[in-house]
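K.L.:
Attaching a single structure in C-alpha cells format; questions to follow.
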C-alpha cells in the first residue's frame, strides 16, 4: 500500500485517517479515482475531494451525520425487525440521502412481493439535540393487491378452469386473507406457463405456443388482471416411430421393444424422453457406452401427425476421471459412492449417473442431491461432482388409535435411518396403551459384505391385553432374522426366519371375570361367595359377566412357533413416503413347524396401485388376501395363528372386529373373536387437495370405500371331555358354560365408506379416518373413528 | 436368465480398428489421437501407457460384479517418445488375492453415537 | 403465519417517538468484554465486543472489537461466527499488526471441525489453505511454527481421504480408479505417512492387473525409502508369492516421481 506520509486527510472527525488511507491502493490517477468511489460507497461522506500538494495527496472529506435510530411506522404485514435487516441505513450508521432513497424503493419492493402492490412508503428525518438525526419510514400498506383474474385466450381443447387448475398462482377470492398463492409474482406466473406448456406437450399439442401475457393493474379493483394468450395448434398423433442406428452390430428392430410410444398413440413429450432413456441404457449395456440417442420429430401439418425418429450414433469417447463427493457432513462417503454403478475410469454415461442420483434421493438421507460435470485434465476426461446436503434422518413417531368405548392407545417410536452416517437403519418402538404394551428393536444393514444384500434382525416383546376386543391377553416374545435380496431395481426377495413364543392367559379377576365359570371369583360369580351369594339365574350368571370362549380357554398357556419363509416385493412407487404413482405388490409365504408347537402354511398377498388422475389427485386401489392351513398331527389351528383382522381389512371396524366369533354366550360374543383361516379385501381411495384451502396449510382430503371378508375357522368346536355330545350352556341350576362352541362363521362381505383428512402438520403426517360400515355380519364390531400421526426430526 | 445388467464393459472401451493403427515407431501424439488418453500412465512422456478394460457380469442386482474378462493394453515408449513395443495382459496374467486389511490410522473427529443422535434430536422443529 | 396478521384489527403498527440512545464510552464496553472472557463466557464477551463495533464504527475501537469478537467466538466454540468475523477483520485491516492472528483464528476454527476421513474434508482443505497463507505472508509471525505443524496434519488428513477412496475402488477390483487415486497420494502428498501404504497398494493393484514390472518397481521404491515399514514386508511377501523380486525399473514413473522429489 501507499506510505502513510504520502496521504494527508482533512475534515474527518469520527473516522480515523488510517482507515481512509487503507482505501488508497496507489497514488496514480486510476487508483485515486477508485479510492474516491469506494469512499463514497461507504456512505460515510457527503463529499470527498482530492488535490495534490507537492508529492503528497490531500484528501478533504465532509462526514455525513450519524443516524441515532431508524424507525418504521404503519407496518402491520411486515415486522420492523425484518425491515431493519433489509434497509441499508442502520442505527448508529452513517446518514446518507442516497441510502435513504434506495431504502424507500427497497421497502416498496418487499411489499409488492408480499402482495401489497400499491403500498406507499415515505421517509423523513428528525434532527436531535445531540447533532444526530432519526430516520423514520412511514408506510401506508393499502389493501392487498393480488391476482384478481386469470384469463386465457385461444384455449379450445381445455377450459380456462382446467388450465387455471394447473397453475400454482390462483385468483383472489373470499379467503384471500388466508391465501398467499394469489399474490402477483411475475416469476411464479412464468413458471406456471411452463407447467401449462408441459401439460399440452404431454397431450399431443406439439405446436403449442404461448403467444403473450399481458398484465393490467386495475386500480379500483386493487388487483392485477392476467391474460395469457396461447396458440394450441392441432393435436398430433404419432404416425410412425423409427430407430436409426449408426452403430455397427446394433439393429434397429432389436431396440423397438424399448420404445415407450408407438404409432397411433397421441404424441406425448414425456414418453419420448422416457424412450430416450431406455434406449441409451440398452445400447450402453451392449457395450456402446458412448452412444447418444437423439429424438427428432417431423410434423405433417395437414394430417396433424408426427413421425418420430430416434437416431443413435457414437458420442464423444469421454471417460470419468474422478468422482468427487462434497457436503456429506454426516453420511460416510462409501454410502454415497456405492450407489454408483459406474466408477472412475469408466465411460461417462448420463443414464447411469441419473440412476445414481435417483437412488441417492430415494435413500432419504439428503435434502438435496446435485450431480454436475466439470472438464477433466484432458479433453476426453470429465470430473463428476456430487453435491449432497445431509438432512436429519431420525424420526420420532407417535401413533394412536381411538375407539369410542376405550379411549387412546399410543405408540412411541424413535428411528434413525442413517445411523452414524453408515446408512444403517435402527429403530426402537415402545408401545403403551390401555390394552397393549410392547417394545421392539430392529436393525438393518443395507449392504452386507459390500453386496447389495440387506441383512437385519428384530427383537420384540409385546403384551396385548386387548380386553375391550377379546377376552384374553397374549404375551408374545421373540426375534426374527431377515435378509433382503434385490433381484432387479423393482423386484426383491426377503427370506426370513423367526421364532417367537405366544402365551395366552384369560384374566379371572373381579374386574375381568372371564374364566369364572371354571374358576369362580368370590363376590362376582353368582352362586359363589362367603354366604353362598345370590344363586345364578338365567339373567345373572358366570356367562353374563363375560366369559372367554372354550376355544380360547383351550388355547391357554404358551405355544412356541418357529417358522421360516420369504417375502416377494415388487415396488415401482415413485416415492416411498407419499406415493402418487406406481405399483407395490407383496407376496409372503411362511411355513411353521421347524420345531415349536405350531404347524401351518400361511400365504398372504398385498397389492397397492397408485395412479395420478390429475395434477394432484391420486387414485389408489388396494387388494389383499391370505390363507392359512394347519398340517401335521392335530391339524387344527391355534387361536394365536389364525388371522385376526379389523381396520386393516375394512376401515370402520374394530380390531378383530371381523371374522368368525363364538356366539354361544350372547352376553360376551363381542369379545370372543376366534380368527379365520381365509381373508380377502379390496379398497378404492381417492386423495385430493382440499379446494380453496391454501396449499401451504398441507391439508389433503380422501374418500374411500373398503370391502372384505374373513372366514373359515379351523379350530376345534366340541370340547366335551371324552368327545361326547355337546352339553348346552345356561342350563339350570348352574347356568354355566356348555362344552361346545357355537361358531358364527359367515363369509359375508363387510363393506364401508368413509372420508379422511391427511394433514402434513409440523408434527409430521397425521391421518384422521372416519368410516361408516355399510354392510356387516350381525356379530361384527365396528369402530368408526381412527387417527394416526408421526413426526420426523 | 434374470441377467439384471448382464455383461457390462468397464474402463477403456477397446476398438480393434484403431488398435491396429498403433505400430512400433508411431509417435506418442499419434497414439493419443488414435486411442485417446490412457487409463493410467507412468509419468507423462514416461515409458508406458496402460489402457485397462474389464468386462463385468452382474447376474442379479444384489450380486457383486464378477470380472469375466480383463485386458490391459500396454504401450511402451522409447526415450524419444516413439512406440517401442505394445504388450497385452489378459485376465490370466492378473493374480487373484485378498488385499491387506490393515490401514494407516487417520485423525478427525469420529461421530460420537450420543452426540450424533442428540444432534438430530435437537433439530426437532 | 403472516396471513393471520392481516386480520388482526388492533395493531396499527408502532408509532414513532423520539428517543436518544444512551452512549457508553468505548473503554467500558471493552473492559466488560474482557471481564466476560475471564469468566469463560465467550458468547457474552463476543456480544459485548460486537456492540463496540456497532457504537464506534470505522474507529480504532471497532478494529479491536472485531478482533476480540473473533477470539471470543473461537473460545466459545462458535467456529462459524469466528470465521465470519475473522474474515471481515482481515478484509478491513489486511496490514494491521494482528492480521496474522485473525488468519490463524480462522484457520484454527476450520481445523477444529475436521471430521474423520470418511466424510467431506472441506474444512481440512480450508484450514490448510489459511495455514499456508500465514506461512507465506507472515513468515516472521509467531504462528508460523504451529501453522507448519498443522499443515502437515491437514495434508495427512487429505491424503487419508484419497487412500480411503482408493481402497474403496481396490476392493471392488476397479484397478484403474484405485491406481489413479494412489498415484494422487504419491504426487500431491508425498511427505505424508500414507505414501508407504500407497506404494504397497500400487504393488497389489499392478499385480492384480498382471503388470509385474510396475509392481516390482513400486515395491522396490517402497523398500528403498521405507526399508523397515510393515508395508514393505507385505509388498515383498506378495511379490515373493509370485516368484518376483522387487527391482527398480529406473524408467518407471514411480521411481521417477520419487527421485525427482526426494532426490
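Protein chains in written order, with my numbering: chain A, 664 to 1456; chain B, 9 to 133; chain C, 2 to 264. Note that the Cβ used here is the ideal one computed from N, Cα and C, for glycine as well.
Would you kindly work out how many angstroms separate the C-alpha atoms of residue 104 of chain B and residue 211 of chain C, rounded to a whole number?
P.N.:
Answer to the nearest angstrom: the Cα atoms are 10 Å apart.
K.L.:
Is there at least one Cβ from chain B nearer than 8 Å to residue 18 of chain C's Cβ?
P.N.:
So no, residue 18 of chain C is outside the interface.
K.L.:
Can you find at least 3 beta carbon pairs, one from the stretch 797 to 815 of chain A and one from the stretch 881 to 895 of chain A, that sit closer than 8 Å?
P.N.:
Flag = yes, the stretch 797 to 815 of chain A and the stretch 881 to 895 of chain A touch.
K.L.:
Given this structure, state the Cα-to-Cα distance separating residue 866 of chain A from residue 847 of chain A, to the nearest angstrom.
P.N.:
Cα-Cα distance, rounded: 28 Å.
K.L.:
Any C-beta of chain B sitting closer than 8 Å to the C-beta of residue 168 of chain C?
P.N.:
So, interface residue.
K.L.:
Just reading off the alpha helix (DSSP H) that residue 77 of chain B is part of, what are its end residues?
P.N.:
Counting along the chain, residue 77 of chain B falls outside any alpha helix (DSSP H), though it belongs to the beta strand (DSSP E) covering 74 to 85.
K.L.:
Residue 784 of chain A: which of A:796, A:797 and A:765 sits nearest, CA to CA?
P.N.:
Comparing Cα-Cα distances from residue 784 of chain A to each of A:796, A:797 and A:765, the minimum goes to A:765.
K.L.:
So, does the CB of residue 1006 of chain A fall closer than 8 Å to a CB anywhere in chain C?
P.N.:
For residue 1006 of chain A, the answer is yes, since a Cβ of chain C falls inside 8 Å of its Cβ.
K.L.:
Which class does residue 1232 of chain A belong to by DSSP, given the choice of helix, strand or coil?
P.N.:
Three-state DSSP puts residue 1232 of chain A in a strand.
K.L.:
Could you confirm whether any beta carbon from chain A is found closer than 8 Å to the beta carbon of residue 47 of chain B?
P.N.:
Judged by the 8 Å Cβ criterion, residue 47 of chain B is in contact with chain A.
K.L.:
If I'm right that residue 931 of chain A touches residue 924 of chain A with Cβ under 8 Å, what's the distance once you round it to whole angstroms?
P.N.:
That pair is a contact at about 6 Å.
K.L.:
Identify the contact partners of residue 80 of chain B in chain C, using a Cβ-Cβ distance below 7 Å as the criterion.
P.N.:
Under the 7 Å cutoff, chain C gives 210, 211 and 212.
K.L.:
Which partner residues does residue 933 of chain A have in the DSSP bridge list?
P.N.:
DSSP lists no partner for residue 933 of chain A.
K.L.:
Provide the residue span of the alpha helix (DSSP H) that contains residue 1201 of chain A, from first to last.
P.N.:
From DSSP, residue 1201 of chain A is part of no alpha helix (DSSP H); its letter is neither H nor E.
K.L.:
Quick check: the stretch 1017 to 1024 of chain A against the stretch 178 to 195 of chain C, are there 3 or more CB pairs under 8 Å?
P.N.:
As far as the Cβ criterion goes, the stretch 1017 to 1024 of chain A does not touch the stretch 178 to 195 of chain C, which means the pair count is below three.
K.L.:
Between the stretch 11 to 37 of chain B and chain C, which residues of the former have CB atoms less than 9 Å from a CB of the latter, in chain order?
P.N.:
Correct list: 18, 19 and 20.
K.L.:
So, for residue 26 of chain B: in the same chain, excluding its five sequence neighbours on each side, which residues have a beta-carbon less than 7 Å away from its beta-carbon?
P.N.:
These residues qualify, in order along the chain: 42 and 43.
K.L.:
Determine the contact status of residue 73 of chain C and residue 50 of chain C, defining contact as a CB-CB distance below 8 Å.
P.N.:
For residue 73 of chain C and residue 50 of chain C, yes; Cβs fall inside 8 Å.
K.L.:
Which word fits residue 102 of chain B, buried or exposed, when buried means at least 16 other C-beta atoms lie within 10 angstroms of its C-beta?
P.N.:
Buried, because 16 or more other Cβ atoms sit within 10 Å of the Cβ of residue 102 of chain B.
K.L.:
So that I know if they touch, is there some Cβ in chain B lying closer than 8 Å to that of residue 1041 of chain A?
P.N.:
Answer yes: the Cβ-Cβ gap between residue 1041 of chain A and chain B drops below 8 Å somewhere.
K.L.:
Going by other Cβ atoms of all chains shown within 10 Å of its Cβ, with 16 needed for buried, is residue 969 of chain A buried or exposed?
P.N.:
Residue 969 of chain A is buried by the Cβ-count criterion.
K.L.:
Does any CB atom of chain B fall closer than 8 Å to the CB of residue 265 of chain C?
P.N.:
Not covered by the structure: residue 265 of chain C. The range shown for chain C is 2 to 264.
K.L.:
Of all the CB atoms in chain A, is at least one closer than 8 Å to the CB of residue 98 of chain B?
P.N.:
Not one chain A Cβ lies under 8 Å of residue 98 of chain B.
K.L.:
Pull up the DSSP beta-bridge partners for residue 118 of chain C, would you.
P.N.:
Looking at the DSSP assignment, residue 118 of chain C forms no beta bridge with any residue, so it has no partner.
K.L.:
Looking at residue 1373 of chain A: is its Cβ nearer than 8 Å to the Cβ of residue 1263 of chain A?
P.N.:
Not closer than 8 Å, so no.
K.L.:
Using only the alpha-carbon positions, how far apart do residue 903 of chain A and residue 934 of chain A sit?
P.N.:
Spanning the two alpha carbons is a distance of roughly 14 Å.
K.L.:
Comparing the C-beta of residue 118 of chain B with each C-beta of chain C, is any distance below 8 Å?
P.N.:
Taking Cβ atoms only, chain C reaches closer than 8 Å to residue 118 of chain B, which makes this a yes.
K.L.:
Taking the alpha-carbon positions, what's the residue 1235 of chain A to residue 916 of chain A distance?
P.N.:
Looking at the two C-alpha atoms, the distance is approximately 27 Å.
K.L.:
Should the stretch 1246 to 1259 of chain A be regarded as contacting the stretch 1218 to 1228 of chain A, the criterion being three or more beta carbon pairs within less than 8 Å?
P.N.:
They touch, by the three-pair rule.
K.L.:
With burial defined as no fewer than 16 other Cβ atoms inside 10 Å of the residue's Cβ, what is the status of residue 877 of chain A: buried or exposed?
P.N.:
Counting Cβ neighbours within 10 Å, residue 877 of chain A comes out exposed, since fewer than 16 surround it.
K.L.:
Does the distance from the C-beta atom of residue 1462 of chain A to that of residue 1043 of chain A stay below 8 Å?
P.N.:
No information on residue 1462 of chain A is available, as it lies outside the stretch 664 to 1456 that chain A covers here.
K.L.:
Cβ of residue 83 of chain C within 8 Å of Cβ of residue 53 of chain C?
P.N.:
No, they are not a contact pair.
K.L.:
Assuming residue 1408 of chain A and residue 1323 of chain A make a contact with CB atoms under 8 Å, what is their CB distance in whole Å?
P.N.:
The pair is a contact, with the Cβ atoms about 4 Å apart (cut-off 8 Å).
K.L.:
DSSP three-state call for residue 227 of chain C: helix, strand or coil?
P.N.:
Residue 227 of chain C: coil per DSSP, three-state reduction.
K.L.:
Going by DSSP, name the residue or residues bridged to residue 101 of chain C.
P.N.:
Partner(s): none; residue 101 of chain C has no beta bridge.
K.L.:
Pick from C:196, C:174 and C:56: whose alpha carbon is nearest that of residue 283 of chain C?
P.N.:
Not covered by the structure: residue 283 of chain C. The range shown for chain C is 2 to 264.
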